[in-house]
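Participant: The sequence shown begins at 1 in full-length UniProt numbering and counts up one residue at a time. The C-beta atom is built at its ideal place from N, Cα and C for all residues, glycine as well.
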Amino acid sequence: MIKRVLFPTDFSKASEEGICVFEDLKSVGLEEVIITHVIDLNRLIGPVSGIDIPAVIHDYEEESNQNLRKFAELIEKTGVKAIIDDIRMGEPSSTICDVAEEKGVDAVVIPSHGKSLLAGVLLGSVSEGVVRRSKKPVLVVKLTAQNNGDIRKEFDRLFSRILFAYDFSEQSDRLKDYVKIFAEKGGSDEVMIVHVIEKGEELSDDQIEKLESIKREFEDAGVSSDLFIESGTPYKEIARLVDEKLASLVAISSTGKGLIKSLLGGTADNVVRRSKVPVFVYKQ
């Protein structure tokens, strides 16, 4: 299901640390990682005059190619094949999405924070743009920066404790198939199914039975599962459960009804922005 991914990098420490997820992804079928870097000329050169622009671009491309080779070596140490893409130029998030379509990858894996060595691009804003624009599923790798600049993970294994946000939409049903593979092949300790009831909504008996049947489906596959039906603001309840239940990954669909009305409408966008752990956003 996820055999080939695109990994956009800004060569930051956070981006390098984000490679840690590829070993986990290998366990669920990952075989190839395409590494790409996008040069945003507006940020690289800025509103200055009197400089040799072709020379600046040439030097940056040389340095970028060296860094791409370094990242390829680090990725291959996780046991998957690394393929270096051409250096691209353009607006980062839209260019990354174009490359994902061009290469026919199964998903995009992108760190949520970082800073380009030369361009000063905050990767957090780029990752949010990729989540909004991508037609492919996106795994946003969330890592925590400490006061001394060190980067650490809030999880030991990516798939150890999956929080699966379910909203009765077709996308959520398709996302469930991904979660099952993550759980079964990734050696999950638990899958936590959560549905958040917003103000004015009420679950029918059929919907409650649907949630319980999903729980049984995971258990029948040998995966321990739990069901949480919460009330309140969806992204706040999801963030609370991530902290309280020590989730290692949030799986959420980009659009839907109820729990996730619209990515741009707030819930999924806020989950990506606020989660302390990686977020897998299913895109159709």
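Would you mind giving the Cβ-Cβ distance between residue 22 and residue 78, rounded to the nearest angstrom? I have them listed as a contact below 8 Å.
Facilitator: Position 22 of the sequence shown, counting from 1, holds the residue named residue 22. Position 78 of the sequence shown, counting from 1, holds the residue named residue 78. Right, their Cβ atoms sit about 4 Å apart.
Participant: Who are the Cβ neighbours of residue 233 in its own chain at under 8 Å, not counting the five residues just before and after it?
Facilitator: Taking the sequence shown and counting its residues from 1, the one referred to as residue 233 is at position 233. Once the five neighbours on either side are set aside, the close Cβ partners of residue 233 are 196 and 198.
Participant: According to the Cβ coordinates, are residue 227 and residue 215 closer than 7 Å?
Facilitator: Mapped onto the sequence shown, residue 227 falls at position 227. Mapped onto the sequence shown, residue 215 falls at position 215. Cβ distance < 7 Å, so residue 227 and residue 215 count as in contact.
Participant: Locate the beta strand (DSSP E) running through residue 141, then write down its first and last residues.
Facilitator: Locating residue 141 in the sequence shown gives position 141, counting from the first residue. Element bounds for residue 141: 138-141.
Participant: Residues in the same chain with beta-carbon distance under 6 Å from residue 95, minus the five sequence neighbours each way, listed in chain order, please.
Facilitator: On the sequence shown, position 95 is the one that residue 95 refers to. Excluding positions up to five away in sequence, the list reads 38 and 88.
Participant: Could you check the C-alpha separation between residue 191 and residue 165 for me, to the nearest Å?
Facilitator: Position 191 of the sequence shown, counting from 1, holds the residue named residue 191. Position 165 of the sequence shown, counting from 1, holds the residue named residue 165. Taking the straight line joining both Cα atoms gives about 10 Å.
Participant: Is it buried or exposed for residue 161, if we count other Cβ within 10 angstroms and need 16 for buried?
Facilitator: Taking the first residue of the sequence shown as 1, we reach residue 161 at position 161. Buried.
Participant: Please list the terminal residues of the continuous beta strand (DSSP E) segment that includes residue 96.
Facilitator: On the sequence shown, residue 96 is found 96 positions in, with the first residue counted as 1. No beta strand (DSSP E) holds residue 96; the alpha helix (DSSP H) holding it covers 92-103.
Participant: For residue 68, tell me which candidate among 84, 33, 144 and 276 has the shortest Cα-Cα distance.
Facilitator: Taking the first residue of the sequence shown as 1, we reach residue 68 at position 68. The shortest C-alpha separation from residue 68 is found at 84.
Participant: Once DSSP output is grouped into helix, strand and coil, what is the label at residue 31?
Facilitator: Within the sequence shown, numbered from 1, the residue matching residue 31 stands at position 31. Three-state result, residue 31: coil.
Participant: Determine, using beta carbons only, whether residue 2 and residue 107 come nearer to each other than 7 Å.
Facilitator: Position 2 of the sequence shown, counting from 1, holds the residue named residue 2. Position 107 of the sequence shown, counting from 1, holds the residue named residue 107. Yes; because the gap between Cβ atoms is below 7 Å, this pair is in contact.
Participant: Are the beta-carbon atoms belonging to residue 172 and residue 140 less than 7 Å from one another?
Facilitator: Taking the first residue of the sequence shown as position 1, residue 172 is located at position 172. Taking the first residue of the sequence shown as position 1, residue 140 is located at position 140. No, they are not a contact pair.
Participant: Our contact map puts residue 143 next to residue 14 with C-beta atoms below 8 Å; I'd like the distance itself, whole angstroms only.
Facilitator: In the sequence shown, counting from the first residue as 1, residue 143 sits at position 143. In the sequence shown, counting from the first residue as 1, residue 14 sits at position 14. With a Cβ gap of about 6 Å, residue 143 and residue 14 count as contacting.
Participant: Given this structure, state the Cα-to-Cα distance separating residue 110 from residue 209, to the nearest angstrom.
Facilitator: Locating residue 110 in the sequence shown gives position 110, counting from the first residue. Locating residue 209 in the sequence shown gives position 209, counting from the first residue. Each residue's alpha carbon lies about 36 Å from the other.
Participant: Hey, which unbroken runs of the beta strand (DSSP E) at 3 residues or more fall wholly within the region 58-91?
Facilitator: Taking only runs of at least 3 residues, the beta strand (DSSP E) segments lying wholly in the region 58-91 are 81-84.
Participant: For the alpha helix (DSSP H) holding residue 15, just list the boundary residues, first then last.
Facilitator: For the purposes of this step, residue 15 is identified with residue 15 of the sequence shown, where counting begins at 1. Its alpha helix (DSSP H) spans residues 13-17.
Participant: Mind checking which residues open and close the beta strand (DSSP E) that includes residue 282?
Facilitator: On the sequence shown, position 282 is the one that residue 282 refers to. From DSSP, the beta strand (DSSP E) with residue 282 extends over 279-282.
Participant: Residue 158 bridges to which residues according to DSSP?
Facilitator: Against the sequence shown, residue 158 aligns to sequence position 158. According to DSSP, residue 158 bridges with nothing at all.
Participant: Would you please verify whether the beta carbon of residue 173 is less than 7 Å from any beta carbon of chain D?
Facilitator: No chain D appears in this structure, which consists of one protein chain only.
Participant: Taking Cβ positions, are residue 64 and residue 185 nearer each other than 7 Å?
Facilitator: Mapped onto the sequence shown, residue 64 falls at position 64. Mapped onto the sequence shown, residue 185 falls at position 185. It is not a contact, given that the beta carbons lie outside the stated cut-off.
Participant: Using the beta-carbon count (16 or more within 10 Å), is residue 34 buried or exposed?
Facilitator: One-based indexing of the sequence shown puts residue 34 at position 34. Buried.
Participant: How far does the alpha helix (DSSP H) with residue 206 in it reach, from first residue to last?
Facilitator: In the sequence shown, counting from the first residue as 1, residue 206 sits at position 206. That run of the alpha helix (DSSP H) goes 205-220.
Participant: On the DSSP letters alone, give me the boundaries of the beta strand (DSSP E) that residue 172 sits inside.
Facilitator: Here residue 172 corresponds to residue number 172 of the sequence shown, with the count starting at 1. No beta strand (DSSP E) contains residue 172, which is instead part of the alpha helix (DSSP H) from 170-185.
Participant: How big is the Cα-Cα spacing for residue 230 and residue 244?
Facilitator: Walking along the sequence shown from the start, residue 230 turns up at place 230. Walking along the sequence shown from the start, residue 244 turns up at place 244. About 13 Å.
Participant: When you compare the CB positions of residue 105 and residue 179, do they come within less than 7 Å of one another, or not?
Facilitator: The residue labelled residue 105 in the question sits at position 105 within the sequence shown. The residue labelled residue 179 in the question sits at position 179 within the sequence shown. Against a cut-off of 7 Å, the Cβ pair of residue 179 and residue 105 comes out as no contact.
Participant: Using C-beta distances below 7 Å, list every residue in its chain close to residue 268, excluding the 5 sequence neighbours before and after it, in chain order.
Facilitator: Taking the first residue of the sequence shown as position 1, residue 268 is located at position 268. Cβ neighbours of residue 268 beyond the five flanking positions: 252, 254, 260 and 281.
Participant: Quick one: using the 10 Å Cβ neighbour count with 16 as the cut-off for buried, is residue 40 buried or exposed?
Facilitator: In the sequence shown, the residue the question calls residue 40 occupies position 40. When all chains shown are included, residue 40 counts as buried.
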